[in-house]
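J.: Residue numbers (the numbering used here): 14 to 183.
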Amino acid sequence: MMKKMILAAAVAGSLASLSGQALAAHHARPAPPGCNGGMGGPGGFGGMPFLGNVQLTAAQHKKLKAILQDSHPDFRADMDKEHQLHKQIQDLLATPGKVDESQIVGLQQQITAMHQQHEAARLQTAIRIHDILTTDQLNQIRDTQDKIDSLHQQLRALTAPPPPPEDGKK
């Protein structure tokens, strides 16, 4: 019974997510120029989620395009490097004998440093984008974020497992 409830919750959550994404995609405004037609990844345009819902002026579009072009690192090379680091870890773990943990820690530290560099670059881009937006536009982004947060809370409440049955003891 519990498995069925968990499966139902997972299916309901997936359907809600997909239908919400389809609805958002159907009603979304076109992306600003230079954004490859999309939201620019998980964080939105350079780490500014919901920026696609904001009406930008022509000057802001121009500045946004310049910011995004300027702050576009070579992710392909970084992905290849990270893949090679993971492969080295796998090779160490697949080698007979004692595992050299210090080598694995060193490789993990390199991966972590790459992730930190990406996050720092994403945040710097978000700050630059923030600086070209008006107070009204920032308030609009905040309102959208608040609505999304509220919807997520409602979804979690709807898909939460039921409380355990009481044993009749008080």
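The C-beta atom is built at its ideal place from N, Cα and C for all residues, glycine as well.
Would L105 pass as a contact of I124 if the rule is Cβ separation under 8 Å?
T.: If you number the sequence shown from 1, residue 105 lands on position 92. If you number the sequence shown from 1, residue 124 lands on position 111. No, the Cβ-Cβ distance between L105 and I124 is not below 8 Å.
J.: Determine the burial state of I154: buried for a count of at least 16 other Cβ atoms within 10 Å of its Cβ, exposed for fewer.
T.: Reading the sequence shown from its first residue, position 141 is the one you call residue 154. Buried is the call here.
J.: With the cut-off set at 8 Å, would you say T138 and S84 are in Cβ contact?
T.: As a position in the sequence shown, residue 138 is number 125, starting the count at 1. As a position in the sequence shown, residue 84 is number 71, starting the count at 1. Going by C-beta atoms, T138 is nearer than 8 Å to S84.
J.: Find out if the Cβ-Cβ distance for the pair I184, K76 is shorter than 8 Å.
T.: The first residue shown for the chain is 14 and the last is 183, placing residue 184 beyond what the model contains.
J.: Rounded to whole angstroms, what is the Cα-Cα separation between A134 and D113?
T.: Your numbering for residue 134 matches position 121 in the sequence shown. Your numbering for residue 113 matches position 100 in the sequence shown. A134 and D113 have their C-alpha atoms some 33 Å from each other.
J.: Specify the secondary structure class of G88 as computed by DSSP and reduced to three states.
T.: In the sequence shown, residue 88 corresponds to position 75, counting from 1. In the sequence under discussion, the amino acid at residue 88 is Phe, which differs from the Gly named in the question. Helix.
J.: Anyone know if the C-beta pair for I142 and L120 falls short of 8 Å?
T.: If you number the sequence shown from 1, residue 142 lands on position 129. If you number the sequence shown from 1, residue 120 lands on position 107. Against a cut-off of 8 Å, the Cβ pair of L120 and I142 comes out as no contact.
J.: Let me know the alpha helix (DSSP H) ranges lying completely inside the region 67-120, each 4 residues or longer, listed in chain order.
T.: 71-83, 88-107
J.: Using a threshold of 8 Å, state whether the C-beta atoms of M127 and D162 are closer than that.
T.: For the purposes of this step, residue 127 is taken as residue 114 along the sequence shown, with counting starting at 1. For the purposes of this step, residue 162 is taken as residue 149 along the sequence shown, with counting starting at 1. No; because the gap between Cβ atoms is not below 8 Å, this pair is not in contact.
J.: Start and end of the alpha helix (DSSP H) containing D144?
T.: Taking the first residue of the sequence shown as 1, we reach residue 144 at position 131. Per DSSP, D144 belongs to no alpha helix (DSSP H) and is neither H nor E.
J.: Consult DSSP for A173 and reduce its assignment to one of helix, strand or coil.
T.: The count along the sequence shown starts at 1 and reaches residue 173 at position 160. DSSP places A173 in coil when its eight states are reduced to three.
J.: Would you check if the distance between the CB atom of Q150 and the CB atom of V67 is smaller than 8 Å?
T.: Translated into the one-based positions of the sequence shown, residue 150 becomes position 137. Translated into the one-based positions of the sequence shown, residue 67 becomes position 54. Yes.
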